[in-house]
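Chains A and B, in that order, give the protein sequences. In terms of our numbering, the first sequence opens at residue 1 and continues consecutively. In terms of our numbering, the second sequence opens at residue 137 and continues consecutively. Backbone N, C-alpha and C fix where the C-beta goes; we use that ideal spot for every residue, glycine too. Computed from a predicted model, the values in this text were never measured in an experiment.
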Amino acid sequence: MDKARRFSAVLALLVLAASIASPLSFEETGERLSRLAAALTGAEGYDPEAASFWFDPEYASFLEDVARRTPENATVAVLVPESPDLYFYQAVYRLAPRRVVGPGRRGEAGFVAAYGPSIGQAPDGQPVTHGRLETR
Amino acid sequence: MSLPPLWAALAGVLLGLGVATLCGWTIGRMFMAGLTGREKFAWSFAIGLMVQALALLVVVAVGARPTTAALLGIEAGIGIAALLAGILRRRAAPGWFPAGRKFDALAFALAAVAGAAWALFLLTAIADAPWATDFFAVWGYKAKIVYGAGSVPRRLFADPALDFAHPEYPLLVPLSLSALGVAAGRWNEPALALFYPACALATLLALWGFLARRVSRPAGALAAALSALCFFLYRPSNVGTAEIPFALAAVLAAVAASDFVLEASAGETARLAAAALFAASVKQEGALLSVLLAAAVWGKLRTTEARRARNGALALVLPVALHGLLQVVLRGHRPSRDFDLALLSPGRWGELPARFGTALARLLSADVLPASVPLLAIVVLLIATERGAVDWLLGVLALQLLGYVAAFTLSAYGPAYAVDAAFSRIATTLFPALTLVLAARLMSSEPAWAHQTSPPAGMSDSGESSGESARRAPRLHGVGTTGNSRNEKGP
Numbered sequence: 001m002d003k004a005r006r007f008s009a010v011l012a013l014l015v016l017a018a019s020i021a022s023p024l025s026f027e028e029t030g031e032r033l034s035r036l037a038a039a040l041t042g043a044e045g046y047d048p049e050a051a052s053f054w055f056d057p058e059y060a061s062f063l064e065d066v067a068r069r070t071p072e073n074a075t076v077a078v079l080v081p082e083s084p085d086l087y088f089y090q091a092v093y094r095l096a097p098r099r100v101v102g103p104g105r106r107g108e109a110g111f112v113a114a115y116g117p118s119i120g121q122a123p124d125g126q127p128v129t130h131g132r133l134e135t136r
Numbered sequence: 137m138s139l140p141p142l143w144a145a146l147a148g149v150l151l152g153l154g155v156a157t158l159c160g161w162t163i164g165r166m167f168m169a170g171l172t173g174r175e176k177f178a179w180s181f182a183i184g185l186m187v188q189a190l191a192l193l194v195v196v197a198v199g200a201r202p203t204t205a206a207l208l209g210i211e212a213g214i215g216i217a218a219l220l221a222g223i224l225r226r227r228a229a230p231g232w233f234p235a236g237r238k239f240d241a242l243a244f245a246l247a248a249v250a251g252a253a254w255a256l257f258l259l260t261a262i263a264d265a266p267w268a269t270d271f272f273a274v275w276g277y278k279a280k281i282v283y284g285a286g287s288v289p290r291r292l293f294a295d296p297a298l299d300f301a302h303p304e305y306p307l308l309v310p311l312s313l314s315a316l317g318v319a320a321g322r323w324n325e326p327a328l329a330l331f332y333p334a335c336a337l338a339t340l341l342a343l344w345g346f347l348a349r350r351v352s353r354p355a356g357a358l359a360a361a362l363s364a365l366c367f368f369l370y371r372p373s374n375v376g377t378a379e380i381p382f383a384l385a386a387v388l389a390a391v392a393a394s395d396f397v398l399e400a401s402a403g404e405t406a407r408l409a410a411a412a413l414f415a416a417s418v419k420q421e422g423a424l425l426s427v428l429l430a431a432a433v434w435g436k437l438r439t440t441e442a443r444r445a446r447n448g449a450l451a452l453v454l455p456v457a458l459h460g461l462l463q464v465v466l467r468g469h470r471p472s473r474d475f476d477l478a479l480l481s482p483g484r485w486g487e488l489p490a491r492f493g494t495a496l497a498r499l500l501s502a503d504v505l506p507a508s509v510p511l512l513a514i515v516v517l518l519i520a521t522e523r524g525a526v527d528w529l530l531g532v533l534a535l536q537l538l539g540y541v542a543a544f545t546l547s548a549y550g551p552a553y554a555v556d557a558a559f560s561r562i563a564t565t566l567f568p569a570l571t572l573v574l575a576a577r578l579m580s581s582e583p584a585w586a587h588q589t590s591p592p593a594g595m596s597d598s599g600e601s602s603g604e605s606a607r608r609a610p611r612l613h614g615v616g617t618t619g620n621s622r623n624e625k626g627p
């Protein structure tokens, strides 16, 4: 009986360990380690933020350009695709400490930044990378 | 040839983490007597994070721009003051000697597994900038606002346009990230990600040290290995959020409560209070965990030691109340947008059973069934092993999970949505605390010399001088399946 219980416990422990370790992807881990090596050696082309713009790599340069052209104490309304919600959250994060609001609060903003398909909603804006920036 | 910028940023963040831990040690040493060096590191780290966040708040409160020198200078000042206070009030604190340094192949092998898994997490965490949605919308956003503005702007709490950032959430994680950015002198996201492996390391060391002291060295190493292997928790998608710091908070609260139940000196009581404050400062769930632990401590001790029961419960509850009060003062009363509290009005009580049922059904189909293999393994482990030293934590953890289901019942977005969005993520943060129970049941054996009244010369692994007066800490013995102590009950 003791042996059976001990065997069951050890087996359950091994199954548990294997189950909780299962999200580890060797392929993804290998890619991450390659990126880390590139970061630590200063390899050309390494972009630490690339992974966070997986949904639209061009969006990063739009936000960078808007950040360059707006003061840090400004309120910026961003007109970006609704899905995925990372479009909006990347904007509020990358443009911080600026106050970033959605289209519903456009009236409170000193700047309106329209990206990609939303460019038409800021027809009077100056062109910026992949978008337009309207000063109000 | 200059080094790539990541090196300098990593060095700066490491400096910030190191100074915080040192500062935490100067305070924690007043109530860490008798702990292993591993536990002391974990407690010093957690206390240091709270002090570092406080130092940042002090800098911005006086209207100064946070700089590396100002922040680290305040921390150094606090550390020196704490050291002096510790020297002045130093008394012959009872020390004790945990397990000796005798080589234990199983413990060594398990520790190697834990170390390898942690190292993998460390490397993958800093390979990319954090990319979790909650990092951009909540934790990293607030941190970057504080870092960039050099203040804690009122709008973080009062601006309806920023409701998405959850003004009601505790601020320790954002303030820690801001402070590390200030300490490093730059906002470098991959370097800031070091915060998360540091939290993971503290968690593993707290588990390892506590069980090595209270149960057996293999038990400690097993808990650390199991936790480190939990890649549902320690994975890049959780870097930048509050889940990994909360896992540390849950473990510290659990071990502090377990220590308190066994022996309540001023040190144990202070650690309870520190753990409760840390847990409440990291996530809202920390307040619930502290209250549940308070109820459990009170329940366990009330019949035999009523005064100690009350003191323990108060040590857990008062810091949570204090933290809640500070939050209200800072941001005013802002009900969470996540919950529809109108459901608690008597006229709508009738809706609650159906909503609870919806949450439970969704939980079973979306979370329990997909996780049936590890859950079944846990059940088999509990059945195949006999009563363990810290089994009482199981009830607390189960009630914590039930509390999540109850909270989802009140979700403003519907119970099913809340379960899908959050349950598995927040439930996983309790896994390291669960390993305390599992490892204590599996490996409660201890070496024969452990029954000596003092350790063999030079066998302290706590780093304490073997010349100090010593007493043994009560060790907890479950009746495990692999041990040689089947007939031992204790303490």
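The residue from B:Glu-404, B:Thr-565, B:Leu-535, B:Pro-303 with its alpha-carbon nearest to that of Gly-460 of chain B is B:Pro-303. Between Gly-209 of chain B and Phe-181 of chain B, the C-beta spacing is not below 8 Å. Spatial neighbours of Ala-445 of chain B in its own chain (CB-CB distance under 6 Å, excluding positions within 5 residues in sequence) are listed in chain order as Trp-434, Leu-437, Arg-438.
Taken through DSSP and simplified to helix, strand or coil, Tyr-46 of chain A comes out as coil. With a minimum length of 4 residues, the unbroken runs of alpha helix (DSSP H) contained wholly in the region 374-450 of chain B fall at 379-398, 402-418, 420-437.
The residues Trp-275, Lys-278, Ala-279, in chain order, have a CB closer than 6 Å to that of Pro-310 of chain B in the same chain once the five nearest residues on each side in sequence are set aside.
With the rule of 3 Cβ pairs closer than 8 Å, the region 541-551 of chain B does not count as touching the region 328-343 of chain B. Interface flag for Val-128 of chain A against chain B is unset, since no Cβ pair is found closer than 8 Å. Not a single C-beta of chain A is nearer than 8 Å to the C-beta of Pro-202 of chain B. Ala-109 of chain A is positioned such that its CB atom lies no closer than 8 Å to that of Arg-69 of chain A. Contact check between the region 47-60 of chain A and the region 399-407 of chain B: fewer than three CB pairs, one atom from each, fall below 8 Å, which does not count as touching.
Note on geometry: alpha-carbon atoms of Thr-203 of chain B and Ala-576 of chain B lie some 45 Å from one another. Excluding the 5 residues flanking it on each side, Tyr-115 of chain A has same chain C-beta neighbours closer than 8 Å at Tyr-59, Phe-62, Val-78, Leu-79, Val-80, Pro-81, Tyr-87, His-130, Gly-131, in chain order.
At a Cβ-Cβ threshold of 8 Å, Gly-164 of chain B and Ala-319 of chain B do not count as neighbours. At a cut-off of 8 Å, the C-beta of Gln-90 of chain A has a neighbouring C-beta in chain B. In the three-state DSSP reduction, Glu-72 of chain A falls in the coil class, being neither helix nor strand. Excluding residues up to 5 positions away in sequence, Val-100 lie with their Cβ nearer than 6 Å to the Cβ of Val-92 of chain A in the same chain. From the listed residues B:Ala-265, B:Phe-257, B:Gly-321, B:Leu-308, the smallest Cα separation to Gly-284 of chain B is found for B:Gly-321. Under the 8 Å criterion on CB atoms, Gly-317 of chain B is classed as non-interfacial with respect to chain A. The alpha-carbon separation between Ala-9 of chain A and Val-504 of chain B amounts to approximately 21 Å.
The Cβ atoms of Ile-514 of chain B and Glu-379 of chain B lie no closer than 8 Å to each other. For Arg-105 of chain A, the closest Cβ of chain B is nearer than 8 Å. When Cβ-Cβ separations below 8 Å define contact, Leu-256 of chain B makes contact with chain A. Per DSSP, Tyr-283 of chain B has no beta-bridge partner at all.
Restricting attention to B:Leu-258, B:Ala-342, B:Val-282, B:Ala-385, the CA atom closest to the CA of Leu-330 of chain B is found in B:Leu-258.
Counting the other CB atoms within 10 Å of its CB gives Val-427 of chain B a total of 16 or more, which places it among the buried residues. One alpha carbon belongs to Tyr-540 of chain B, the other to Leu-578 of chain B, and they sit about 28 Å apart. Within the same chain, Cβ atoms closer than 6 Å to the Cβ of Asp-270 of chain B are found at Thr-377, the five residues on either side in sequence being excluded. Pro-455 of chain B is positioned such that its CB atom lies closer than 8 Å to that of Ala-409 of chain B.
Setting aside the 5 residues that flank it on each side, Phe-300 of chain B is surrounded in the same chain by Ala-273, each with a C-beta closer than 6 Å to its C-beta; the list follows chain order.
The beta carbon of Asp-264 of chain B falls within 8 Å of a beta carbon belonging to chain A, placing the residue at that interface. At a beta-carbon threshold of 7 Å, the residues of chain B lying near Tyr-93 of chain A are Phe-272, Gly-276, Tyr-277, Lys-280, ordered along the chain.
Using a Cβ-Cβ cut-off of 8 Å, Leu-33 of chain A counts as an interface residue toward chain B, since at least one Cβ of chain B sits closer than that to its own.
With contacts defined by Cβ atoms closer than 8 Å, Ala-569 of chain B and Leu-529 of chain B form a contacting pair. Under the Cβ criterion of 8 Å, Gly-42 of chain A is counted among the residues facing chain B. Residue range 131-135 is occupied by the beta strand (DSSP E) that includes Gly-131 of chain A.
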